[in-house]
Amino acid sequence: MSIGIDDLTPTSAPALVEGTARVVALEGDRVWLEPEPRSGCGTCASAGVCGAKGIGTTANRLEARRFPLHDHLGLSVGERVVVGVPENALLKATGALYAIPLASTLGAGAVAQWAAGSDEVTLAAMIAGLALGMLAARLGAGRLGACGDLAPRLLRRAAPGEICERD
Amino acid sequence: MQDYVLLMVGAALVNNVILARFLGLCSFMGVTTRLDTAIGMGLATTFVITVSSMLNWGAQEYLLDPYGLGYLRTVVFILVIAAAVQFTEMTVRKVSPPLFQMLGIYLPLITTNCAVLGVALLVVEGKMGLLGATLFGFASSVGYSLVMVIFAGLRERLALADVPRLFAGPPIGFIVASLLALAFMGFSGISTH
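So the protein lines, in turn, are chains D and F. Numbering-wise, this note's numbering puts 79 at position 79 of the first sequence, and it's gapless, one number per residue. Residues are numbered in this note's numbering as their position in the second sequence, beginning at 1, plus a constant of 1000.
Listed below in structure tokens is the structure:
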């Protein structure tokens, strides 16, 4: 069976980037969710088996990433759910977070090198540029957050064995 | 100015960190199953490599060289990279918790990415100035991100293709990666140095 290149084009590209999370607490009409750990190889659920607690461990990192969502599914503690974030929001977020500080760092360094020609001055300018870029990123992220673009959405209960990676 | 442009073209395309230097292959194969994860990982790596190139240049210039501690270079660079990743993670969490929820997952993976250390060592080998070192790090990581995104796009298409069972999964991924490397060999015709 031969397949043309047009047949390989995804026809139902998801508009949402999906991930799985576990309900860890209930608070009125809100649920607190803990994202399931993901690793590069896609072994989402098994990547969290190193259960030691402490700074820098998987459990510690996951605890820091808990987030609340409005519960319209009637969830209970321990259930697994699928949450989604718009794909374009992910791109905007990465742009705001990384592109702005990088541009300000490199721009400040280039200007300082051109004006002073000294590595010490260039280093100081780049660090200042990085700090300013981070401030600008904070403003950009605040604007995105105010639009509600960055808020994840509760989509559905996760099916048994469902993981966040789509293979 | 021309030197910097040639340095960046050379680092991003001619001596691509993945396809020519074979660094960062684990993330190349592991995080490219989806386009969005490849973009997230690529941009996070770009940020960390650029910042750590700048900091590692400072460590080499103001600590290792003056005190004759060159033999500690690898250890010091690893510490600087880990500190840069931790700093980035803390800053992202402080700057925007929602962004940290979305993108923080990629940061811990970067600490163990050999491309970051490899670029830092290449900077020392090249005896570059600060701006040159930072631009080299930036261009190398842009090349890394470019290849990650191209390969993720190819793998998303491969997932829909009728691949013989014997080649399905990683085997066809390796074959496609080798074809991509051959395509990038075409850039070696560009003389940058």
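C-beta atoms are modelled at their ideal positions from N, C-alpha and C, and glycine is treated no differently. The model shown is predicted, which means the values in this text are computed figures rather than measured ones.
Give the interface partners of residue i over in chain F, defined as CB-CB distance under 9 Å, in chain order.
i	result
D/G109	M1054, L1130, L1131, T1134 and L1135
D/V81	Within 9 Å Cβ-Cβ: nothing; D/V81 doesn't reach chain F, min ~15 Å.
What residues match up with residue i in a beta bridge as DSSP calls it?
i	result
D/H70	D/R30
F/V1147	Beta-bridge pairing links F/V1147 to no other residue.
D/G171	Here chain D has residues from 1 to 167 only, and residue 171 of chain D is not among them.
D/P35	D/A21
Determine, for residue i, whether the minimum Cβ-Cβ distance to residues of chain D falls below 8 Å.
i	result
F/A1152	no
F/F1138	yes
F/G1040	yes
F/D1003	no
F/V1092	yes
F/F1087	no
F/F1174	no
F/F1184	no
F/F1167	no
F/F1047	yes
Under three-state DSSP, which class holds residue i?
i	result
D/R156	strand
D/R22	strand
D/G78	coil
F/P1066	coil
F/P1164	coil
F/L1013	helix
F/M1128	coil
F/S1052	helix
D/S118	coil
F/M1253	As displayed, chain F neither begins before 1001 nor continues past 1193, which places residue 1253 of chain F out of reach and without an answer.
F/F1022	coil
F/A1159	coil
F/L1006	helix
F/I1190	coil
D/M126	helix
F/M1001	coil
F/T1088	helix
Would you mind telling me which residues of chain D sit closer than 9 Å to residue i, beta carbon to beta carbon, in chain order?
i	result
F/A1044	T94, L97 and Y98
Starting from residue i, find everything on chain F with Cβ-Cβ shorter than 8 Å and list it in chain order.
i	result
D/V23	Correct list: empty, because the minimum Cβ distance to chain F is about 16 Å.
Does residue i come within less than 8 Å of chain F when only Cβ atoms are used?
i	result
D/L106	yes
D/D119	yes
D/V77	no
For a contact defined as C-beta to C-beta under 7 Å, what are the partners of residue i on chain D?
i	result
F/G1058	L123
F/F1077	Correct list: empty, because the minimum Cβ distance to chain D is about 17 Å.
At a CB-CB cut-off below 7 Å, which residues of chain F make contact with residue i?
i	result
D/V17	D1036
Do residue i and the ligand COA come close, with the Cβ less than 7 Å from some heavy atom?
i	result
D/K92	Questions concerning the ligand COA fall outside what the structure shown contains, since it holds no ligand whatsoever.
Cβ closer than 8 Å: which chain D residues qualify as neighbours of residue i?
i	result
F/T1050	L102, T105 and L106
Against chain F: residues of the segment 83-102 of chain D by CB proximity under 9 Å
V85, E87, A89, L90, L91, A93, T94, G95, A96, L97, Y98, A99, P101 and L102
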